[in-house]
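If you read the sequence shown in the UniProt record's numbering, its first letter stands for residue 1, the second for the next number, and so on.
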Amino acid sequence: MAATPTRFPNATRRIACVTGASSGIGRACAVALAREGWTVVISARRAADLDETVRLAKETRQAAEVRPFPGDLGKPEDVDALFDFIRREYGRLDLLFNNAGRSVAPVPLEEVSLEDFQSIVGVNLVAPFLATQHAFRIMKNQTPQGGRIINNGSISAHTPRPFSAPYTMTKHAITGLTKSAALDGRAYNIACSQIDIGNAESAMVGAMKPGGSLQPNGERIQEPVMPVEHVADAIVHMASLPLNVNILNQVRSTPLSSPLSSKPTLSSPCKPSWRRRCRSSGAASRARRCLVCNRRLAVAGM
């Protein structure tokens, strides 16, 4: 019986693909992987910004090989073209970071246009599903067999923001994709992980800064952010693990003063109508957390 490979191939090249690499998290991860010796194929819509990612990678390591492939991953044919390029140029794939994503300005659920909804689902969910399919086909049939897929989930896979139904739906669905791919890939040495990121200093988070981020109580506040390099370090660590070791889900949150952290602090309490208040005490009540602000409260008879 053949030995099961447990690490990325000890070859001259380890091939990675990073989507959404024209800025923010994707760019930082592409640069960090290139610095560690990976050959990185990067994709996004803006060709000029991809070229800037290549330049930054070469600043950190002159011999870095970073190949830009412009395309709109909201179009299935562009996803196909990206992976055709990887097959043609390298014949293998060791790491896929499904990072590309988009959101729209927060609006009440009933006012979300079908066009915006379909656009978000196309980029945030359909594209990573198709990319994962392509990665499976390559990784199952290459020698040595296997590889790693990392999905960018989001804190929104756990805690929604107000008026963010389409984005939040896709991020919950990504968790389902991650778990299914991890299960289905196990027999082929394909590991699948997810990283759920809080407020990293990206263009998407930057768009919320001018007026502050909308909170569940209707206020807007300036939320703290963390450098995208912190996320990149986590991705490099996950990518370097043996394939028989898998971090199914990693949460990279912001400081505790952020409403998206595990112990959020709001400038004022939730409105009484937004949460179930404590109606009794003693053994009959059990500790619960508010679904809006996560504060502990006692709810009777539950």
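Glycine included, C-beta positions come from ideal geometry on N, C-alpha and C. Treat the numbers as computed from the prediction; the structure is a model and nothing was measured.
Item	Value
Gly26, DSSP secondary structure in three states	helix
Distance between Ile25 and Thr19 (C-alpha atoms, nearest Å)	10 Å
Neighbour-count burial assignment, Thr143, 16 or more Cβ in a 10 Å radius	exposed
Assigned secondary structure, Val176 (DSSP; H/G/I helix, E/B strand, else coil)	Checking the sequence shown, residue 176 turns out to be Gly, not Val. Of the three classes helix, strand and coil, the one that applies to Gly176 here is helix, per DSSP.
DSSP state of Leu73 mapped onto helix, strand, coil	coil
Residue from Gly185, Ala47 and Gly101 whose Cα sits closest to the Cα of Asn141	Gly185
Under the three-state DSSP convention, the category Val18 falls into	strand
Reduced DSSP category for Gln194 - H, G, I as helix; E, B as strand; rest coil	strand
Proximity test, Cβ basis, 8 Å: Gln62 and chain B	Within the model displayed, chain B is absent; a lone protein chain is all it includes.
Limits of the beta strand (DSSP E) - the one that Pro68 falls within	Val66 to Pro68
Identified DSSP bridge partners for Leu95	Ala16 and Arg148
C-alpha distance - Leu130 paired with Phe83, whole-angstrom precision	10 Å
Burial state of Val245, where buried means 16 or more other Cβ atoms lie within 10 Å	exposed
Separation of Ala57 from Ser180, as counted between CA atoms	33 Å
Contact belief for Ala34 with Val40 at Cβ below 8 Å, rounded distance in angstroms	5 Å
Where Ser156 sits in the DSSP three-state scheme	helix
Nearest neighbour of Val104, chosen from Tyr90, Arg92, Phe97 and Val123 [CA to CA]	Val123
Cα-Cα separation, Leu114 to Ile120	10 Å
Residue environment, Asn10, which counts as buried when at least 16 other CB atoms sit within 10 Å	Any answer about Asn10 is weak, because its pLDDT of 44 lies below 50 and its placement is not dependable; what the coordinates show is given next. It is exposed - the Cβ of Asn10 has fewer than 16 other Cβ atoms within 10 Å.
Per DSSP, cross-strand counterpart(s) of Val41	Cys17 and Arg67
Best match in Val231, Ile190 and Val236 for proximity to Asn199 [C-alpha to C-alpha]	Val231
Whole-angstrom distance between Asp94 and Arg87, CA atom to CA atom	12 Å
Strand pairing of Asn249, partner residues [DSSP]	Gln194
Buried versus exposed call for Arg13 [16 or more other C-beta atoms within 10 Å across all chains shown]	exposed
Inter-residue CB distance, Ala81 and Gly71 (contact presumed, cutoff 8 Å)	6 Å
Neighbourhood of Pro128 by C-beta distance below 7 Å, restricted to the same chain and skipping five residues each side	Asn98, Asn151, Ile174 and Leu177
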